[in-house]
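Enquirer: Before I ask anything, let me first share the structure, which is written out below as structure tokens.
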Amino acid sequence: MNYDLKKWLAATTLVVGVFTYSSIFAFGTPVNHQVVKGDTLWKLSQQYSISLQELYNLNPQYKTNPNLNIGDSVKLSAGSTTINHTVAKGDTPWKISVAYKVDLNKLMALNGLSAGTEIYPGQVIKIPTVSKEVNTNKYTVGQNDTPWTISQKYNVSLSSFLSVNNLKEGDHIYVGQVVTIPNRTSPIPPSTNTPPSTIGENTKTYITHTVVRGDDIWSIAIKYGIPFYEIQKLNGFKDNHVLMIGDKITIPVYKIAIKETPGPQYGELLDWWTEAQYVVPIGKVFKVIDFHTGKSWTMKRTVGANHADVEPLTAADTAIMKAVWGGKFSWAVRPIIIEVDNRRLAASASAMPHDIQYITNNNFNGHSDIHFHNSTRHVDGKTSSSHQNSIKLAAGLR
């Protein structure tokens, strides 16, 4: 068995393992779930990706009394139709499920696939899609919910969510408040983005860079997205080391595994030192989404070792960022989601320009800070409890 196939099998096995809690659907026909201790209709709706309204329609006996008894048989429905996808080179069941935003377990069940089943270019795979008519749902607001996080959870637009609930942008919602999830009247289209290919364990390999005219250690570090000090240490260079044309330099290459999140509204919790700094290296441009409001802008990591020192890319980005912090620059901490290379990462940001500036036409005189899990302050090398708590909120762990 070749290495690529082994890697694919391992990745598929890992992802399937994540979904094994869910029973397999017979598509197009209802199947039953036998109630066990701790089950509720809400938990079943989340486990099987069914709306509560659909469960009530299939099980009208629970409309007056929603309590479940151990041993009860609850009817379930996949609520799905199918479309076809022709397998392309590099496709895996997991990649296809991410591209179409469907449950991997359902995709594999519909196509009779199991862990270890290989798919081939040209093969036609059936894709379960959301029913063309999705009933309006009611949702009870929980701790840390915001209109934006709820809209992300149910894959509806923020504007439609606000409209159906007579809310304005910036309005607060409260724990225990019942809100309406708007209808989604068409199947979810496949994503145009290619999902990341790494899943499972982080890996580290090495390549060799041959020095050419104009190279220095800093420019090489930026080119490969590796910290300057790491290249120095790996190659035994001192601070005053001079590179010569033709020198061979060892460069580490990191593949950072994708991490599961509690829901689509949350970001991956990546350790700064071993993971996040390689996903968001110096020079990287990325999208920032404020976790509470859903407002977004673009930033660039320009420097920073203990955490990411970043700058808004344009004056327009600065204006959006400033508005999120109440119309002023501030050291106040806010949870954010970073979208980079088709991944969503949990992070925390402040909005106070200070110190070194690289982008000079963005109305932001300096850089600001973005922290990740276990990142530290420059001033004392210690973690910031406010930033770390904010990161956990963005990761769905608070």
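Everything in the sequence shown is counted per the UniProt record's numbering, starting at 1 for the first residue and increasing by one. Heads up, the beta-carbon is just placed ideally off N, CA and C, and yes, glycines get one too. Since the model is a prediction, treat every value here as computed from it, not as a measurement.
1. Give the straight-line distance between the Cα atoms of proline 66 and threonine 314, rounded to the nearest whole angstrom.
2. Taking its Cβ as the centre, do 16 or more other Cβ atoms sit within 10 Å of isoleucine 222, making it buried, or is it exposed?
3. Please state whether DSSP places threonine 274 in a helix, a strand or coil.
4. Skipping 5 residues on each side, what residues in its chain have a beta carbon closer than 7 angstroms to that of aspartate 247?
5. Under a three-way DSSP split, which group does aspartate 317 fall into?
6. Using DSSP's beta-bridge definition, name the partner residues of histidine 241.
7. Confirm, please, whether the CB-CB distance from leucine 269 to alanine 395 is below 8 angstroms.
8. For threonine 92, name the three-state secondary structure that DSSP assigns.
9. Are the beta-carbon atoms belonging to lysine 300 and valine 324 less than 8 angstroms from one another?
10. Counting Cβ pairs closer than 8 angstroms, one from the region 87-97 and one from the region 55-66, do we hit at least three?
11. Would the beta-carbon of threonine 203 fall within 8 angstroms of that of lysine 255?
12. Nearest by alpha-carbon distance to threonine 149: which of His85, Gly267 and Thr205 is it?
13. How many angstroms separate the CA atom of glutamate 311 from the CA atom of proline 281?
14. Could you pull out every residue in the same chain whose Cβ sits closer than 7 angstroms to the Cβ of isoleucine 245, ignoring the five residues on either side in sequence?
15. Report the partner residues of leucine 113 according to the DSSP bridge assignment.
16. Taking the beta strand (DSSP E) that tryptophan 325 belongs to, which residues open and close that run?
17. If you draw a straight line from the C-alpha of proline 262 to the C-alpha of valine 141, how long is it?
18. Spatial neighbours of aspartate 380 within its chain, please: CB distance less than 8 angstroms, with the 5 preceding and 5 following residues excluded, ordered by chain position.
19. Taking 6 angstroms as the limit between beta carbons, can you name the residues of its chain near methionine 321, skipping five residues before and five after?
20. Out of Leu107, Asp309 and Lys238, point me to the one whose CA is closest to tryptophan 272's CA.
21. Compare the C-alpha of leucine 393 against each of Asp341, Gln265 and Tyr358 and name the closest.
22. How about histidine 209 and histidine 307: do their beta carbons lie closer than 8 angstroms?
23. In chain order, what residues of the same chain lie with their CB nearer than 6 angstroms to the CB of lysine 238, ignoring the 5 residues before and after it?
24. For the beta strand (DSSP E) that isoleucine 150 lies in, which residues bound it at each end?
25. Which two residues bound the contiguous alpha helix (DSSP H) that contains asparagine 137?
26. So the beta strand (DSSP E) serine 160 belongs to, where does it begin and stop?
27. Around the C-beta of isoleucine 336, are 16 or more other C-beta atoms found within 10 angstroms, so that it is buried, or is it exposed?
28. Specify the secondary structure class of tyrosine 224 as computed by DSSP and reduced to three states.
29. My output table needs one value for methionine 108: the three-state DSSP class, helix, strand or coil.
30. Compute the Euclidean distance between the alpha carbons of alanine 11 and alanine 349, then round it to the nearest angstrom.
31. DSSP state of lysine 6, grouped into three classes?
32. Mapping the DSSP letters down to three states, classify valine 253 as helix, strand or coil.
33. When DSSP builds the beta bridges, which residues end up paired with tryptophan 218?
34. Give every residue of the same chain whose Cβ lies closer than 7 angstroms to the Cβ of isoleucine 289, excluding the five residues on either side of it in the sequence, and list them in chain order.
35. Between the C-alpha atoms of aspartate 39 and alanine 347, what's the straight-line distance to the nearest angstrom?
36. Please state whether DSSP places proline 190 in a helix, a strand or coil.
Expert: Quick look at the numbers:
1. 52 angstroms
2. Exposed is the call here.
3. helix
4. Val211
5. Aspartate 317: helix per DSSP, three-state reduction.
6. Looking at the DSSP assignment, histidine 241 forms no beta bridge with any residue, so it has no partner.
7. Yes, the pair counts as a contact, with Cβ atoms nearer than the cut-off.
8. The three-state secondary structure of threonine 92, taken from DSSP, is coil.
9. no
10. no
11. For the 8 angstroms CB-CB criterion, threonine 203 and lysine 255 form a contact.
12. Closest by C-alpha distance to threonine 149, out of His85, Gly267 and Thr205, is Gly267.
13. The C-alpha of glutamate 311 lies about 14 angstroms from the C-alpha of proline 281.
14. Val211, Val212 and Arg213
15. Leucine 113 is not bridged to any residue.
16. First-last for tryptophan 325: undefined, no H or E at that position.
17. 16 angstroms
18. So the list is empty, once near-sequence residues are dropped.
19. Trp297, Pro312 and Ala351
20. Asp309
21. Closest option to leucine 393, judged by alpha-carbon separation, among Asp341, Gln265 and Tyr358: Gln265.
22. no
23. none
24. That residue, isoleucine 150, is in no beta strand (DSSP E); its alpha helix (DSSP H) goes 147-153.
25. Premise fails: asparagine 137 lies in the beta strand (DSSP E), 137-140, not in any alpha helix (DSSP H).
26. Note, serine 160: premise wrong, no beta strand (DSSP E); alpha helix (DSSP H) at 158-164.
27. buried
28. Three-state result, tyrosine 224: helix.
29. Three-state result, methionine 108: helix.
30. Annotation note: pLDDT 39 at alanine 11 (below 50); position unreliable, coordinate value reported separately. C-alpha separation (whole angstroms): 33 angstroms.
31. For lysine 6, the predicted model reports a pLDDT of 41, less than 50, meaning its position is unreliable; a value from the coordinates is still stated below. Helix, per DSSP.
32. Three-state DSSP puts valine 253 in a strand.
33. DSSP output for tryptophan 218 lists no bridge partner at all.
34. Ser296, Ile336, Ile337 and Glu339
35. Taking the straight line joining both Cα atoms gives about 33 angstroms.
36. Bear in mind that a pLDDT of 42 at proline 190, under 50, signals an unreliable position, so the number given afterwards is only what the model happens to contain. In this structure, proline 190 counts as coil in the three-state DSSP scheme.
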